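Structure first, commentary second.
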Amino acid sequence: MSDSPARSQKAQKVLERFAKKLNRQMVGSLLACVHCGMCTDACHYVLANPGDPTFAPAYKADQVRRIFKRHFDWTGRVFPWWVKAKSVYSDDDLEQLKDIIFGKCTNCRRCSINCPMGVDFATFNRMARGLLVSVGVMPEGVAVASKDQWELGNQMGVLREDYLETLDWVSEELRQELGDPNAGIPIDVMNCDVVYAINPREIKYDPRTIADAAKIFHLAGENWTMPSEGWDMTNFGLFSGDDDLGGAVARRLYDKVEELRGKKLVISECGHGYRSTRCEGQNWGGVDVDFEMESSVITMLRYIKEGRIRIDPFKNNKSYTYHDSCNNARSCGLFEEPRELLQIVCNDFREMYPNRAENYCCTGGGGAMSMSEYSAQRLKSAKIKADQLKATGAKVVVTSCHNCVDGLTDLIRYYKLGMEVMQLVNLVANAAIVKEKVTAALP
Amino acid sequence: MSGLLHFSEHTLQEAALIFMAIVYTLRLRWLLRFKAGRERQAPTGLPETSKARGIIYSWANIAMPWAMESTRTKVFVYVQFVVFHLGVAASIALSFIIPYVPKLLELSFFVRIFQIIIGTAFLVGILRIIRRVKSVYLRAISAPDDYFSLALLTSWFFLAFLSVPNSTAGGEWHLIAFFLLTAFFLIYVPFSKISHYLYYPFARYYFGKTMGHRGVYPIKHFPEIRR
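Chains as they are written, first to last, in my numbering: chain H, 1 to 443; chain B, 1 to 227.
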């Protein structure tokens, strides 16, 4: 980075906003690092790029920390060279920072849980992303997805008519499959027990998951609906660090559920969508919500436990492993329910190691799938995940996250693993017993 | 006892302690000026997780090497950490024992224990310096403060080791040097990385609170596998 004392307008704005973004948690994390290096091996980027210290979590964190030290820390302000404190001056400095905080980190939080000091790098990395985004410095894909979510209400630019048309033909196919004219997807029905929100990827690339969810709701006899608007439960604000976007997107969905007077919001299988909607949206938006929210994984498990749907696990006759989405596992504690569900709907489940909160990122997290400029770096780092997958010997990797579906599909292709990627909703729908076709039932 | 040694053991230490207390108070006041973020959402995760359990688990984490992959897989580094910090605690205790309860150091058993702890910590300090210089990862993240603080602590262990018997038979220089360095520490520490112990409870408290509320802490290890 340049040492020039003249500061660009963007760099100046970043510094001004830095001060406003700091809270006690963040300051604690920025101050507490002792450079012990214990986080180094926790990062999949490091493991895939041995000998390159620029991928080390502490090194990446220091690129943000040195700005903090230069402007807020006593020693850094008086003797910056002593603690490697350094400010940002030029737009080039910001571009270099962008390549680190967007390109070399997926905000997976694995280093955070491995830090003896409790430094939550992922949290202030997201904050730093937000600072850069606020001055227009970001990967192009992040800009496009954010713009779509601001302007069209969903991050993939799906138009209302396309959304409704897709739900319409999914309903039609479901009626044919079940031979039941009452099957289908109810839209904007008031006072339902469940309002179901999805990822726009499901409309655009994977309507199978919508059909499977609709089948499950129908078989469970659920009083449910999908909203015609405000239906996107994903939130690019999580990736871009833009709290304003995060809050606006979350409020849009919360408002729709309240408008429909829904009792519970069920969020389809999506790691970042679940985290954004269930765990972060209220904080970004500064709102409290009155209705319940849950992941569809928990909903499906409950249906089975309550006997509302019955399962034939022999219908899923391959070998399966489970990949924990970082956002689900490390930021929302959702790791036991998917395993419980998976073990009900199939007969050959093989655990992946490490797993749960210690699992490795699919390498497509943190919005990495939308940042094509870093694809080569991402796929190289995916070697760690590929080795993990291969070691299970499973034919199918199941995950509860659309982002992970894309990330895993990409790496499976790249490393020629020959595995299939599925979501729990696919397996539950496939194993669900329709009418009298019973071969086995679980309590 | 010479006037210089008496001054180093008492007046200088007391002044340095008061200075450190004032600086730390100001530092904590500064830290508390930042607003604590609020989590509005309902808790997630398993029922055995909660904010309170998360905080306790987070604080206790450092004493549970099995709880983190980073400590679980680097046992030797973890042992070094323990020894090094025991050495710090023993050396700090020594800086109070010599001036205020010197009779303790008349017990040979006590002297032996302190010398073993501080001596081993000195050796660990040497190992840590080698590691920091040798590792490409540690070099990349190290600032002059990191090297200086480590070298200073290691030197302090050496002087503390010599000072444990509290004997002036061979001269007072080691005791004077130990107390001068201790006073320097008290003044320097708030401005260096060594002050991490002040921030540690904060960072761990908030991280534990967040992870407990989100159902991640306490982490359940060694999951049962269905075969």
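The C-beta atom is built at its ideal place from N, Cα and C for all residues, glycine as well. Note that the coordinates shown come from a computational prediction; the quantities given were computed from them, not determined experimentally.
| Query | Result |
| --- | --- |
| Three-state secondary structure assigned by DSSP to B:Val216 | coil |
| Separation of H:Glu340 from H:Ile267, as counted between CA atoms | 18 Å |
| Inter-residue spacing [alpha-carbon to alpha-carbon] between H:Ile216 and H:Cys192 | 16 Å |
| Nearest neighbour of H:Ala451, chosen from H:Cys108, H:Gly37 and H:His71 [CA to CA] | Residue 451 of chain H lies beyond the range of chain H shown here (1 to 443); nothing can be said about it. |
| Under the three-state DSSP convention, the category H:Lys204 falls into | helix |
| Through-space distance from H:Phe335 to B:Pro223, alpha-carbon basis | Its pLDDT being 45, under 50, B:Pro223 is placed unreliably by the model, and nothing is read from it. |
| Within 8 Å, strictly: CB atoms of H:Arg129 and H:Cys43 | no |
| Counted within 10 angstroms of its Cβ, other Cβ atoms place H:Pro181 as buried (16 or more) or exposed | exposed |
| Outcome for H:Tyr353 when other beta-carbon atoms lying within 10 angstroms are tallied against a minimum of 16 | exposed |
| DSSP bridge partner residues for H:Glu420 (one or two, in chain order) | H:Val396 |
| Rounded straight-line distance, which links the Cα of H:Val137 to that of H:Lys10 | 9 Å |
| Straight-line gap, H:Ser2 to H:Gln12 (C-alpha atoms, nearest Å) | Because H:Ser2 carries a pLDDT of 47, less than 50, the predicted location of this residue cannot be relied on, and the following value inherits that uncertainty. Roughly 14 Å separates the two Cα atoms. |
| Closest by C-alpha distance to B:Ile22, when choosing among B:Leu150, B:Val101, B:Gly45 and B:Tyr188 | B:Tyr188 |
| Completely contained beta strand (DSSP E) runs for the region 297 to 348 of chain H, where each covers 3 or more residues | 320 to 323 |
| Any C-beta of chain B under 8 Å from that of H:Met352 | no |
| Residues in the region 166 to 194 of chain B having any Cβ partner in chain H nearer than 9 Å | Pro190, Phe191, Ser192, Lys193 and Ile194 |
| Euclidean distance between Cα positions of B:Arg96 and B:Trp156 | Looking at the sequence itself, residue 96 of chain B is Phe, so the reference to Arg does not match. Distance between the alpha carbons of B:Phe96 and B:Trp156 is about 15 Å. |
| Any chain H beta carbon closer than 8 Å to B:Leu46 | yes |
| Within the region 240 to 290 of chain H, ranges of the alpha helix (DSSP H) (whole runs, at least 4 residues) | 243 to 259, 271 to 274 and 281 to 285 |
| Between the CA atoms of B:Gln115 and B:Leu159 - distance to the nearest angstrom | 11 Å |
| Distance, B:Ile118 Cα to B:Ser91 Cα | 7 Å |
| For H:Tyr254 and H:Tyr205, the rounded distance between their alpha carbons | 25 Å |
| Members of the region 130 to 144 of chain B that neighbour chain H once the beta carbon cut-off is set at 9 Å | Arg131, Arg132, Ser135, Val136, Tyr137, Leu138, Arg139, Ala140, Ile141, Ser142, Ala143 and Pro144 |
| Whole runs of the alpha helix (DSSP H) within the region 122 to 179 of chain H, excluding any shorter than 4 residues | 140 to 152 and 160 to 178 |
| Simplified DSSP state of B:Arg72, which is helix, strand or coil | helix |
| Touch test, the region 140 to 148 of chain H against the region 84 to 100 of chain H, Cβ-Cβ under 8 Å, three pairs minimum | no |
| Boundaries of the beta strand (DSSP E) in which H:Tyr196 is found, first to last residue | Val194 to Ala197 |
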